Amino acid sequence: ARVLWLGVGGDREALVRLAAGCAAAARRTGVSVEERRYRPHLTILRASQPADLHHLVERLRPFAGVEWRVDGIRLVRSHLGPAPAYETVGSWPLRVVEAPSG
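Numbering (our numbering) for the sequence shown: 1324 to 1425.
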(Lines of atoms letter the chains of each structure in order from A and count residues from 1; the text may use other names and numbers.)
(Lines give C-alpha, C1' and ligand atoms only; values in the text may rest on other atoms or scores of the structure.)
Protein backbone atom coordinates (compact mmCIF):
# COMPACT_ATOMS: atom_id res chain seq x y z
CA ALA A 1 0.00 0.00 0.00
CA ARG A 2 1.05 3.61 -0.46
CA VAL A 3 -1.48 5.37 1.77
CA LEU A 4 -2.49 4.87 5.40
CA TRP A 5 -5.69 6.56 6.50
CA LEU A 6 -8.04 6.65 9.48
CA GLY A 7 -11.81 6.56 9.13
CA VAL A 8 -13.88 9.40 10.54
CA GLY A 9 -16.84 9.03 12.90
CA GLY A 10 -19.50 11.51 13.92
CA ASP A 11 -21.96 12.98 11.44
CA ARG A 12 -20.57 11.28 8.35
CA GLU A 13 -23.66 12.10 6.29
CA ALA A 14 -23.06 15.82 6.84
CA LEU A 15 -19.50 15.34 5.58
CA VAL A 16 -20.76 13.47 2.52
CA ARG A 17 -23.24 16.29 1.78
CA LEU A 18 -20.52 18.91 2.27
CA ALA A 19 -18.19 17.04 -0.10
CA ALA A 20 -20.97 16.75 -2.70
CA GLY A 21 -21.63 20.49 -2.47
CA CYS A 22 -17.93 21.27 -2.85
CA ALA A 23 -17.68 18.95 -5.86
CA ALA A 24 -20.73 20.56 -7.49
CA ALA A 25 -19.29 24.05 -6.96
CA ALA A 26 -15.95 22.95 -8.41
CA ARG A 27 -17.64 21.47 -11.49
CA ARG A 28 -19.55 24.73 -12.07
CA THR A 29 -16.22 26.56 -12.24
CA GLY A 30 -14.75 24.03 -14.67
CA VAL A 31 -12.56 22.14 -12.19
CA SER A 32 -12.15 18.43 -12.88
CA VAL A 33 -13.55 16.37 -9.99
CA GLU A 34 -12.97 12.69 -9.21
CA GLU A 35 -16.15 10.68 -9.67
CA ARG A 36 -15.42 8.02 -7.05
CA ARG A 37 -17.55 7.85 -3.90
CA TYR A 38 -16.36 10.14 -1.10
CA ARG A 39 -15.24 8.35 2.07
CA PRO A 40 -14.60 10.65 5.04
CA HIS A 41 -11.06 10.00 6.29
CA LEU A 42 -7.77 11.49 7.46
CA THR A 43 -4.68 10.53 5.49
CA ILE A 44 -1.84 10.02 7.96
CA LEU A 45 0.87 8.55 5.72
CA ARG A 46 1.76 8.60 2.03
CA ALA A 47 4.61 6.35 0.91
CA SER A 48 6.57 7.11 -2.24
CA GLN A 49 6.83 3.38 -2.97
CA PRO A 50 4.38 0.57 -2.19
CA ALA A 51 5.10 -0.78 1.30
CA ASP A 52 3.72 -3.38 3.69
CA LEU A 53 1.77 -1.24 6.16
CA HIS A 54 -0.05 -4.08 7.93
CA HIS A 55 2.04 -3.68 11.09
CA LEU A 56 0.97 -0.02 11.33
CA VAL A 57 -2.66 -0.90 10.66
CA GLU A 58 -2.61 -3.45 13.49
CA ARG A 59 -0.97 -1.02 15.92
CA LEU A 60 -3.52 1.69 15.07
CA ARG A 61 -6.58 -0.60 15.11
CA PRO A 62 -7.52 0.12 18.78
CA PHE A 63 -7.01 3.89 18.36
CA ALA A 64 -10.33 5.71 18.76
CA GLY A 65 -9.00 9.24 18.43
CA VAL A 66 -10.44 12.29 20.09
CA GLU A 67 -13.54 14.27 19.24
CA TRP A 68 -13.20 17.79 17.94
CA ARG A 69 -15.42 20.36 16.24
CA VAL A 70 -14.53 21.41 12.72
CA ASP A 71 -15.18 25.11 12.11
CA GLY A 72 -13.64 25.50 8.67
CA ILE A 73 -12.23 23.75 5.64
CA ARG A 74 -9.07 24.25 3.63
CA LEU A 75 -8.38 23.35 0.04
CA VAL A 76 -4.86 21.94 0.05
CA ARG A 77 -2.68 21.22 -2.97
CA SER A 78 -0.15 18.41 -2.55
CA HIS A 79 3.24 18.82 -4.22
CA LEU A 80 4.50 15.25 -4.10
CA GLY A 81 8.13 14.33 -4.59
CA PRO A 82 11.24 13.55 -2.56
CA ALA A 83 10.23 16.27 -0.07
CA PRO A 84 6.43 16.61 -0.26
CA ALA A 85 4.97 20.04 0.39
CA TYR A 86 1.42 21.17 0.99
CA GLU A 87 -0.02 24.51 -0.05
CA THR A 88 -3.28 25.97 1.24
CA VAL A 89 -5.11 27.24 -1.85
CA GLY A 90 -8.11 28.59 0.04
CA SER A 91 -9.93 28.35 3.35
CA TRP A 92 -13.55 28.87 4.35
CA PRO A 93 -15.40 28.98 7.68
CA LEU A 94 -18.23 26.53 8.32
CA ARG A 95 -21.42 27.34 10.15
CA VAL A 96 -24.50 25.42 11.16
CA VAL A 97 -27.48 26.06 8.89
CA GLU A 98 -30.85 25.43 10.48
CA ALA A 99 -33.30 23.40 8.42
CA PRO A 100 -36.41 25.35 7.36
CA SER A 101 -39.36 24.63 9.66
CA GLY A 102 -42.73 23.43 8.52
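Built from N, CA and C at the ideal position, the CB exists for glycine as well.
Computed from a predicted model, the values in this text were never measured in an experiment.
Cβ-Cβ separation, residue j to residue i (assumed contact under 8 Å), whole Å
| i | j | result |
| --- | --- | --- |
| R1325 | R1369 | 6 Å |
| L1327 | L1403 | The Cβ separation is near 15 Å, so there is no contact. |
Distance CB(residue i)-CB(residue j) smaller than 8 Å
| i | j | result |
| --- | --- | --- |
| L1398 | G1388 | no |
| L1376 | V1393 | no |
| V1339 | A1346 | no |
As an exercise, report each continuous beta strand (DSSP E) stretch of at least 3 residues that is fully enclosed by the stretch 1339-1387, in chain order. Within the stretch 1339-1387, the complete beta strand (DSSP E) runs of at least 3 residues are 1364-1369.
Is the stretch 1325-1339 touching the stretch 1353-1366 in the sense that three or more CB pairs, one from each, lie closer than 8 Å? yes
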